[in-house]
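Working notes, beginning with the structure itself.
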Amino acid sequence: MKRLLALLCACLCVIGIVSGCSASAKEFDTGVGMTMTLPGSFKEQDASQANGATAYYLSNTAGVVALKEDFSTLENAGLSADMTLDEYGQTVIDANSLSVQLQEADGIKYFVYENSVDSQDFTYYATVFEGSDAFWLIQFFCETKNYDQLQSDFLEWAKTVKVS
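Just so you know, the sequence shown maps onto residues -25 to -1, 1 to 139 in mature numbering (1 follows the signal peptide of the UniProt record, and there is no 0).
Listed below in structure tokens is the structure:
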């Protein structure tokens, strides 16, 4: 009986190790001032498919769209390059007519909203970051039915973002 229990425990450990290693992390670099680490199941996509985004990544269950907004571009649009990160986040919320609040978790500024695309409901965990020459809007998204399972992952992935 003890041998059977030991064998069962060993098998479960091997299964756990193999399944945990199957989606190893991968660092993505935009080449224009932002890196992030995502599970290995993510693949870089053509950013032009995401309405002029700077970077676009997809897996089978989630996606990430990153937009770099240079301070000079914001000034040309009549906005102040000296705005705070909170002000930038609120500007994004207002510009998209969203009825949400900018929040903070573990040092990450974010807001959450829903949108329908081709009759599918998606939830977006939108994060904002400030670099030396630009603000970044990085949106993690999934089908709304999967959001509760992925929300904590979105926060963990957001914590890996580095902007320069």
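Glycine included, C-beta positions come from ideal geometry on N, C-alpha and C.
### Message
Bridge partners for M9 per DSSP, in chain order?
### Response
Along the sequence shown, one-based indexing puts residue 9 at 34. DSSP, once it has assigned bridges, lists V138 as partnering M9.
### Query
Where do the N-terminal and C-terminal ends of the alpha helix (DSSP H) with F46 fall, by residue?
Working through the sequence shown from its first residue, we reach residue 46 at position 71. Counting along the chain, the unbroken alpha helix (DSSP H) around F46 starts and ends at F46 to N51.
### Task
Step through the CB atoms of chain D and report whether any lies within less than 8 angstroms of the CB of K43.
Of the protein chains in the structure, only one exists, and it is not chain D.
### Query
Among V40, E19, T119 and N121, which has the Cα closest to the Cα of T102?
Residue numbering aside, residue 102 sits at position 127 when the sequence shown is read from its first letter. The residue from V40, E19, T119 and N121 with its alpha-carbon nearest to that of T102 is V40.
### Query
Assuming L125 contacts A37 under a Cβ cut-off of 8 angstroms, what Cβ separation, rounded to an integer in Å, is found between them?
In the sequence shown, counting from the first residue as 1, residue 125 sits at position 150. In the sequence shown, counting from the first residue as 1, residue 37 sits at position 62. Right, their Cβ atoms sit about 6 angstroms apart.
### Query
How about V138 and F104: are their beta carbons less than 8 angstroms apart?
As a working note, residue 138 is residue 163 in the sequence shown. As a working note, residue 104 is residue 129 in the sequence shown. Inclusion of V138 and F104 in the CB contact set at 8 angstroms is warranted, their separation being smaller than that value.
### Message
Between E118, A109, D69 and A80, which has its C-alpha nearest D93's C-alpha?
### Response
Walking along the sequence shown from the start, residue 93 turns up at place 118. The candidate whose alpha carbon is nearest that of D93 is E118.
### Query
In three-state terms, what does DSSP make of L60?
Counting from one through the sequence shown, the residue named residue 60 turns up at place 85. DSSP places L60 in the helix class (H, G or I) of the three-state scheme.
### Opening and closing residue of the alpha helix (DSSP H) in which S127 lies
For this step, residue 127 is matched to residue 152 along the sequence shown. Residues Y122 to A133.
### Task
Could you work out which residue in K43, K18, G15 and V87 is closest to F116 when comparing CA atoms only?
As a first step, residue 116 is located in the sequence shown; it is residue number 141 there, counting from the start. Taking only the C-alpha atoms, the option nearest F116 is V87.
### Query
Taking S34 as the reference, which of S47, T66 and F129 has the closest Cα?
For the purposes of this step, residue 34 is taken as the residue at position 59 of the sequence shown. Taking the Cα of S34 as reference, the smallest distance to any Cα among S47, T66 and F129 is reached at F129.
### Task
Could you tell me which of G82, Q114, S16 and D108 sits nearest to N90, measuring between CA atoms?
Indexing the sequence shown from 1 puts residue 90 at position 115. Distance check between N90 and each of G82, Q114, S16 and D108 places Q114 closest, using alpha-carbon atoms only.
### Task
Find out if the Cβ-Cβ distance for the pair I83, L77 is shorter than 8 angstroms.
Along the sequence shown, one-based indexing puts residue 83 at 108. Along the sequence shown, one-based indexing puts residue 77 at 102. Here I83 is not near L77, since their CB atoms are 8 angstroms or more apart.
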